[in-house]
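To start, the structure itself, in structure tokens.
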Amino acid sequence: MSVPAFDMVLFGGTGDLARRKLIPALFDAHQGGELHSRGRIFAIGTQPLETAGYLALLEREVRPTMRLYSGAPVSDDAWASFVARIVYQQVDARKPEQFDALAAALGENRAPVTVCYLATAPGIFVDICAQLARVGLNTPNVRLVLEKPLGTDLASNERINSAVAEFFAEDQIYRIDHYLGKESVQNLMAIRFGNALFEPLWRREWIKDVQITIAEQLGVEKRGDFYDGVGALRDMVQNHLLQLVCIVAMEPPASLSQDAIRDEKLKILKALKPIPLQEVPEKTVRGQYLEGAIAGQPVQGYLDEHGIPHDSRTETFVAIKAEIANWRWAGVPFYLRTGKRMPQRLAEIVVRFHDVPHALFPKPLVQFPENRLVIRLQPEESIRLQFLTKTPGAALGLQPSTLDLDFTNHGGVRHAGAYERLLMDAVNGQLGLFVRRDEQAEAWRWVEPIIEAWNQARTPPKGYTAGSWGPAASSALLSRDAAAWHEEM
Numbered sequence: 038m039s040v041p042a043f044d045m046v047l048f049g050g051t052g053d054l055a056r057r058k059l060i061p062a063l064f065d066a067h068q069g070g071e072l073h074s075r076g077r078i079f080a081i082g083t084q085p086l087e088t089a090g091y092l093a094l095l096e097r098e099v100r101p102t103m104r105l106y107s108g109a110p111v112s113d114d115a116w117a118s119f120v121a122r123i124v125y126q127q128v129d130a131r132k133p134e135q136f137d138a139l140a141a142a143l144g145e146n147r148a149p150v151t152v153c154y155l156a157t158a159p160g161i162f163v164d165i166c167a168q169l170a171r172v173g174l175n176t177p178n179v180r181l182v183l184e185k186p187l188g189t190d191l192a193s194n195e196r197i198n199s200a201v202a203e204f205f206a207e208d209q210i211y212r213i214d215h216y217l218g219k220e221s222v223q224n225l226m227a228i229r230f231g232n233a234l235f236e237p238l239w240r241r242e243w244i245k246d247v248q249i250t251i252a253e254q255l256g257v258e259k260r261g262d263f264y265d266g267v268g269a270l271r272d273m274v275q276n277h278l279l280q281l282v283c284i285v286a287m288e289p290p291a292s293l294s295q296d297a298i299r300d301e302k303l304k305i306l307k308a309l310k311p312i313p314l315q316e317v318p319e320k321t322v323r324g325q326y327l328e329g330a331i332a333g334q335p336v337q338g339y340l341d342e343h344g345i346p347h348d349s350r351t352e353t354f355v356a357i358k359a360e361i362a363n364w365r366w367a368g369v370p371f372y373l374r375t376g377k378r379m380p381q382r383l384a385e386i387v388v389r390f391h392d393v394p395h396a397l398f399p400k401p402l403v404q405f406p407e408n409r410l411v412i413r414l415q416p417e418e419s420i421r422l423q424f425l426t427k428t429p430g431a432a433l434g435l436q437p438s439t440l441d442l443d444f445t446n447h448g449g450v451r452h453a454g455a456y457e458r459l460l461m462d463a464v465n466g467q468l469g470l471f472v473r474r475d476e477q478a479e480a481w482r483w484v485e486p487i488i489e490a491w492n493q494a495r496t497p498p499k500g501y502t503a504g505s506w507g508p509a510a511s512s513a514l515l516s517r518d519a520a521a522w523h524e525e526m
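What follows is the structure, encoded as structure tokens:
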């Protein structure tokens, strides 16, 4: 697909997300020839910098973390050709005159497409949108990308969405969830809907349970003030984990059009069984990391992190048993888990199939006795099918075997990273991998009773040692169903 000429206006250009993800993603698109020669990047921040000062910041803090496709460090020529696209503009959401200056910098002959990416605190989204509209940056050729979290509950989410809708049409709004841009997530849809092998088995009669894990080794880092007001449920479950549930569980869409896919995801969100307040303690676990060790290095506990109140009850770990009330999935548990300061950085979906109805072979004394489909999202992206084959020799024993599909170097074709893919989709006006307003509302509606029950209980989260897989109650959540987390088997 040819990419139109565009202007990327990146609010939060000096922030953590821009430095870790967005600037590197734009560089990758640049070196891959995905950016139009006229594509400009306007980095917006509140710091009183000139463009030269901003580029020096990128040179110092961002360039050393980046690599060429070959794996080599970024060369001077490659870096120079990329940063020639970048202009820094100081803009404060409370200062209208600075938006006038931004509009003037973009010029009367703007590119055919303008993408305004709001990588800022959601509390100023509406102020930014109002000022963009005032200076004429809300015309139909402008796309607005909104970062999570969009609100802290259903009511605040609706307030923000309604206010933004006063200035931008729904088909201009791109609510980003970068997990949907991962190659392996899109390949899950291809495997499900492009092959006769899996679709007949993708239902309650053949699937025992589904486990979705997003684990991080990092703590709150320098984001303690922000994170303590959010927590793992709002930060990860309401968006990333529930979107992955939708991709696993959705019915085949009538087409691959953006609304056909999002309509099916919405049906799953509406079919999630609400967890009554009295059942929240039984079906959820919330934890908070204590001091421990990560990769052999000691780390402090959450309450000792900078910016965290010593009596904070904010959760850094969540495990939930979710269920879907429809004919395909009735009775199949969806176990969701996310946490900080876990043993490894990991995101994966594990689909466990039922055992065969009659065991002809001696039960193997090995791990993974049942068939499993393991979709790894990070750190590498891959899909593995685990099944049983005959052991070598005369005896009719069984052993586990694996079919692997690795996307890190598949067929010599470069696969765009999640943020790169989604940024280019925004430039091209492709909404299919972004979250629609009604999806977001249903996700908030489902998590709200959990938030309410935790607030009413007034009990602290369960402690877990940094470097572990979470509180012991997380394992008990599955063991009550005679199951265990994938890494425990």
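Take the position in the sequence shown, starting the count at 1, then add 37; the result is the number in my numbering. All residues carry an ideal CB built from backbone N, CA and C; glycine is no exception.
| Query | Result |
| --- | --- |
| Please say whether Cys283 and Ile305 have beta carbons closer to each other than 7 Å? | yes |
| Would you list the one or two residues that DSSP bridges to Thr426? | Gln436 |
| Thinking Ala463 and Val182 are a contact (beta carbons under 8 Å), I'd like their distance in whole angstroms, please. | 5 Å |
| Does the contact criterion of 3 or more C-beta pairs under 8 Å hold for the stretch 188–199 versus the stretch 380–392? | no |
| Thinking just about the alpha-carbon of each residue, which of Thr176, Ile357, Thr502 and Ala396 is nearest to the one in Phe371? | Ile357 |
| Which class does Glu385 belong to by DSSP, given the choice of helix, strand or coil? | strand |
| According to the neighbour-count rule (16 or more other Cβ atoms, all chains shown, within 10 Å of its Cβ), is Ser511 buried or exposed? | buried |
| In the DSSP assignment, what residue or residues form a beta bridge with Arg421? | Val411 and Asp441 |
| Comparing alpha-carbon positions, which option in Asp44, Trp522, Leu340 and Pro437 lies nearest Leu422? | Pro437 |
| Under the rule that 16 or more other beta-carbon atoms within 10 Å means buried, what is Asn175, buried or exposed? | buried |
| Taking all protein chains shown into account, do 16 or more other C-beta atoms lie within 10 angstroms of the C-beta of Leu187, making it buried, or fewer, making it exposed? | buried |
| Count the other CB atoms, across all protein chains shown, that sit within 10 Å of the CB of Val393; report buried if there are 16 or more and exposed otherwise. | exposed |
| In the DSSP assignment, find the beta strand (DSSP E) that holds Phe371 and state where it starts and stops. | Phe371 to Gly376 |
| Kindly indicate the opening and closing residues of the beta strand (DSSP E) around Phe354. | Phe354 to Ala359 |
| Can you name the residues that DSSP bridges to Pro335? | Ala330 |
| Are Ala435 and Phe390 closer than 7 Å when you measure CB to CB? | The sequence given here has Leu at residue 435, not Ala. Cβ atoms of Leu435 and Phe390: not closer than 7 Å. |
| What are the boundary residues of the alpha helix (DSSP H) that Asp272 is part of? | Note, Asp272: premise wrong, no alpha helix (DSSP H); not H, not E. |
| When the Cα of Phe471 is compared with those of Asp137, Tyr216 and Ala384, which residue comes out closest? | Tyr216 |
| Nearest to Ile210 by CA position, among Phe424, Leu238 and Glu184, is which residue? | Glu184 |
| May I have the straight-line CA-CA distance separating Arg56 from Glu407, to the nearest angstrom? | 43 Å |
| Any idea what DSSP makes of Thr321, helix, strand or coil? | strand |
| Expressed to the nearest angstrom, what Euclidean distance is found between the alpha-carbon atoms of Glu134 and Gln467? | 32 Å |
| When the Cα atoms are used, what is the spatial distance from Glu352 to Ala521? | 22 Å |
| Run through DSSP, which three-state label would Glu485 get? | helix |
| Tell me the DSSP bridge mates of Val150? | Phe43 |
| Considering only residues of the same chain and omitting the five flanking positions on each side of Gly50, which have a CB-CB separation below 6 Å? | Ala80, Ile81 and Gly82 |
| Straight-line CA distance for Thr409 to Arg100? | Rather than Thr, the amino acid found at residue 409 in this sequence is Arg. In a straight line, the C-alpha of Arg409 is about 40 Å away from that of Arg100. |
| Where does Val104 fall in DSSP's three states? | Correcting the residue type first, residue 104 is Arg in the shown sequence and not Val. Here Arg104 sits in strand by DSSP. |
| Just checking my contact of Glu220 with Met461 at CB under 8 Å: how many whole Å lie between their CB atoms? | Glu220 to Met461, Cβ: 14 Å. No contact. |
| Measure the C-alpha to C-alpha separation of Ala297 and Arg474 and round it to an integer number of angstroms. | 15 Å |
| If distances are taken between C-alpha atoms only, which option among Gly76, Gly52 and Phe48 comes closest to Pro41? | Gly76 |
| Taking Thr88 as part of the alpha helix (DSSP H), name the residues at either end of that continuous run. | Thr88 to Glu98 |
| Write down every uninterrupted run of the alpha helix (DSSP H) in the stretch 190–241 whose length is 4 residues or greater and which is fully enclosed by it, in chain order. | 191–202 and 220–231 |
| Within a Cβ cutoff of 8 Å, which residues of the same chain sit near Asp272, ignoring the five residues on either side of it in sequence? | Lys185, Pro186 and Tyr264 |
| Nearest by alpha-carbon distance to His73: which of Thr151, Pro159 and Ala142 is it? | Thr151 |
| Using the beta-carbon count (16 or more within 10 Å), is Pro18 buried or exposed? | This structure cannot speak to residue 18, because the chain is shown only from 38 to 526. |
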